[in-house]
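Single-structure report; data block below.
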Amino acid sequence: QTRHACLVTGCAGFVGSHLTDSLLAMGYPVVGVDIRPRNEAHNLSGAFGNPLFHYLERDITHHEVLASASALCGDIRYIFHLAAVVMVAFSMEHPELTMATNYTATKALHEEAVQAGAKAFLFAGSAAEYGDDPRLPLKEEYATDATIHNSPYGRSKYLSSSLMQNSGVGCSLRFFNIFGPRQDPSSPYSGVVSKFITQAVDGKDLTIFGDGGQTRDFIYVSDVVQSYLIAAGIVPAPSTGVAAPLSGIYNVGTGNSISVRELADQVVANTGKGSNVLFATPRAGDIYHSRADVSRFNSCTGFQAVVPFAEGLDRTISWM
Ligand code: UD1
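The following block contains the structure:
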């Protein structure tokens with residue numbers, strides 16, 4: 073069976089590299105686009121050895137990304153668009169760059185995809201599109217122009233998701249807090265799971281911003297990859313057995329949440345180096361509670377996250 077080629081933008085990142093590896097393992101040719109030079113794309117060490125993989129070092133805001141990618145391996149039918157400014161704090165200082173990267177470039181790539189008659193277009197949406205809406209669990213329709221957005225990041229993701237919805241072509245998966253191996257722990261704004269694990273493994277103290285009662289819906293990266301494959305129509309939906317690309321907006325989380333305090337305690341217990349858990353002032357703009365209503369995606373496809381939080385944590389700790 074012929075496998076159509078895929079484009080993965082942001083392929084050298086945390087989620088993009090896992091998605092790339094899975095597509096390659098299933099025999100799909102992949103053109104990976106990323107702004108990182110090849111020698112800094114460490115997450116792709118497996119992919120680079122694969123003859124099905126083509127790497128294109130390219131800023132996503134440059135023109136005709138799809139045309140350039142197609143020149144490398146012919147007709148591209150599946151587009152996974154993950155390249156983005158990903159840090160909320162950075163977006164506050166660089167609102168224009170954030171909009172250009174996360175919205176304008178998405179619009180241009182989407183237009184190219186529509187013209188080329190692509191089979192599936194998947195956009196990486198975010199729970200940040202809900203701002204700090206206190207209505208839990210968060211339903212897709214809660215995000216509106218009026219309820220958003222504490223950050224240019226949230227706004228840019230919201231506008232791009234709305235483009236998927238309003239054009240009738242393309243799908244936005246609104247991810248909650250993703251964690252797992254390859255998540256970069258090195259920046260002050262890195263995800264809390266990767267930060268806590270690195271600190272605990274090094275025997276350093278963990279710092280909770282605020283009282284630790286804030287909660288998040290943490291989803292393990294392999295579940296996220298599976299949600300992509302189902303939404304693209306590469307893998308059949310568990311409930312129907314039919315593989316078909318989705319359109320519209322879908323939350324992707326577990327539907328459960330845990331507190332940052334519980335997270336810190338579990339990380340310290342599982343790494344066994346006796347780190348202290350300290351408390352500092354809350355982070356500006358922090359959301360207190362966040363949890364996905366996962367019923368829309370679940371009722372359309374039967375998708376459910378399957379990796380228990382504790383197991384995801386163990387796998388991430390082993391990887392460090
Ligand atoms: C996350 C995403 C962000 C997305 C948002 C949607 C990451 C890195 N960020 O932000 O892209 O827009 O969800 O809602 O995944 N914390 C500590 N100590 C630390 C680090 C963090 O207590 O050393 C706390 C934070 O104050 C926060 C919680 O842990 O309350 C989660 O922080 P973080 O992992 O940065 O994610 P979000 O802020 O939820």
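Under this note's numbering, read the sequence shown as residues 73 to 392, first letter to last. Backbone N, C-alpha and C define an ideal beta-carbon position, used for all residues, glycine too. Computed from a prediction, not measured in an experiment: that's the story for all the values here.
Distance between residue j and residue i (C-alpha atoms, nearest Å)
i	j	result
ALA119	ALA113	10 Å
PRO253	VAL293	8 Å
ASN342	HIS134	44 Å
ILE302	ARG246	14 Å
ASN122	ARG207	46 Å
ILE151	SER94	14 Å
LEU194	TYR300	8 Å
LYS345	PRO354	26 Å
ALA141	GLY285	45 Å
THR81	ALA356	30 Å
VAL242	ALA177	Correcting the residue type first, residue 242 is Gly in the shown sequence and not Val. If you take the alpha carbons of GLY242 and ALA177, they lie about 15 Å apart.
ASP295	SER390	18 Å
LEU124	LEU79	12 Å
ALA84	ASN115	6 Å
Heavy atom of the ligand MN within 8 Å of residue i beta-carbon
i	result
GLN286	Inclusion of the ligand MN in the displayed structure is not the case, the ligand content consisting of the ligand UD1 alone.
Residue from the options with nearest C-alpha to residue i
i	options	result
SER223	GLY263, VAL157 and HIS182	VAL157
ASN174	ASN249, GLY104 and TYR225	TYR225
GLY146	SER362, LEU116, TYR100 and ALA172	TYR100
GLU212	ALA336, GLY325 and PHE86	GLY325
GLU136	ILE291, ALA97, GLU183 and GLN237	GLU183
GLU129	VAL105, SER140 and ILE148	VAL105
ASP358	VAL273, MET171, ASP204 and ALA155	ASP204
TYR360	LYS267, ASP289 and SER244	ASP289
GLY263	HIS126, ALA97 and PHE251	PHE251
ALA377	GLN298, CYS83, VAL80 and MET392	GLN298
SER244	ALA97, SER367, LEU350 and HIS153	HIS153
DSSP-derived helix/strand/coil call for residue i
i	result
VAL366	coil
GLY104	strand
ILE291	strand
LEU91	helix
ILE389	helix
GLY118	helix
SER347	coil
GLU136	coil
ASN328	coil
TYR127	strand
LEU79	strand
LEU210	strand
ARG355	coil
Closer than 8 Å: residue i CB and nearest the ligand UD1 heavy atom
i	result
GLY82	no
GLY320	no
LEU91	no
PHE195	no
TYR202	yes
ARG227	no
ALA199	yes
ILE250	yes
THR279	yes
ILE306	no
LYS267	yes
- Task: Take every Cβ of the stretch 250-262, pair it with every Cβ of the stretch 188-205, and state whether three or more of those distances are shorter than 8 Å.
- Result: no
- Query: On the three-pair Cβ rule with 8 Å, is the stretch 73-81 touching the stretch 97-111?
  - Reply: yes
- Message: Under 8 Å, with one C-beta from each stretch per pair, do the stretch 233-240 and the stretch 298-315 reach the 3-pair mark?
- Response: no
- Message: Measuring CB atoms only, is the stretch 274-282 touching the stretch 370-382, in the sense that at least three cross pairs come out at less than 8 Å?
- Response: no
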